[in-house]
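Under UniProt numbering, the first residue of the sequence shown carries the number 1, and numbering increases by one thereafter. Comments concern the structure below.
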Amino acid sequence: MSNYRRFFVPGGTYFFTVNLACRGGSLLTDQIDDLRLAYGRIAGEMPFATRAVVILPDHIHAIWTLPDGDSDFPTRWRRIKREFSVSVGTTCSRSVSKARKGEVGIWKRRFWERCVRNEAELAATLRYVWGNPVKHGLADRAVDWPYSSVHREVAAGRLPKWGI
């Protein structure tokens with residue numbers, strides 16, 4: 001087991017990567033409505049600002065800013081993952097450990113996060129999130145991928161119609 005320690009900054013902005021356990025599938029995009037409901041419900045109960053999000057077939061990239069005095073992103077992700085898992089009712093092959101803990105095996109247990117330290121890092125991370133479907137060969141341009149907050153930015157006039 002690694003000695004990884006999460007970096008908690010109350011009110012911080014974080015970049016996340018959250019993966020399915022069974023990579024290569026398309027569960028997240030196939031069940032996008034269930035994922036949107038779970039995400040929205042938890043965001044309503046434990047608020048955070050989504051600076052950017054992109055849903056790919058088997059993983060999510062997101063940038064969140066938490067409320068002042070709050071650094072509890074692990075609970076938010078745990079609840080989003082659990083609610084989505086319950087709603088889709090799908091299981092993957094599970095290890096003995098996951099079965100013993102009642103996990104359905106859809107998600108990797110851990111997720112990756114990084115605290116965004118400044119505006120330059122935020123700008124680079126936004127480009128990475130929105131450009132990820134292009135990187136994975138899922139779209140020719142970021143604006144061509146339907147499961148991305150890049151469309152919100154275009155509609156608000158913060159990005160050109162052709163996107164990034």
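Don't be surprised by glycine CBs; every beta carbon is placed ideally from N, CA and C.
Run of the beta strand (DSSP E) containing residue i, from where it starts to where it stops
{"i": "Y39", "result": "Counting along the chain, Y39 falls outside any beta strand (DSSP E), though it belongs to the alpha helix (DSSP H) covering 32-45."}
Sub-8 Å separation of residue i and residue j beta-carbons
{"i": "residue 167", "j": "S85", "result": "The shown model of the chain, from 1 to 164, leaves out residue 167, and the question about it has no answer."}
{"i": "A43", "j": "V53", "result": "no"}
{"i": "A139", "j": "W145", "result": "yes"}
{"i": "N19", "j": "K135", "result": "no"}
{"i": "Y147", "j": "T29", "result": "yes"}
Backbone secondary structure at residue i - three-state DSSP
{"i": "D58", "result": "coil"}
{"i": "F73", "result": "helix"}
{"i": "S148", "result": "strand"}
{"i": "V9", "result": "coil"}
{"i": "M1", "result": "Summary for M1: the model assigns pLDDT 46, below 50, so the residue's position carries little reliability, and this model does not support an answer."}
{"i": "F16", "result": "strand"}
{"i": "V86", "result": "helix"}
Residues near residue i in its chain [Cβ-Cβ closer than 7 Å; skip 5 each side]
{"i": "R23", "result": "D58"}
Residue i - containing alpha helix (DSSP H), residue span
{"i": "W130", "result": "119-135"}
Spatial neighbours of residue i in its chain, beta-carbon cut-off 8 Å, leaving aside the 5 residues before and after
{"i": "P67", "result": "G11, P47, F48"}
Cut-off 6 Å between Cβ atoms - residues of its own chain near residue i, not counting five sequence neighbours on either side
{"i": "L122", "result": "V116"}
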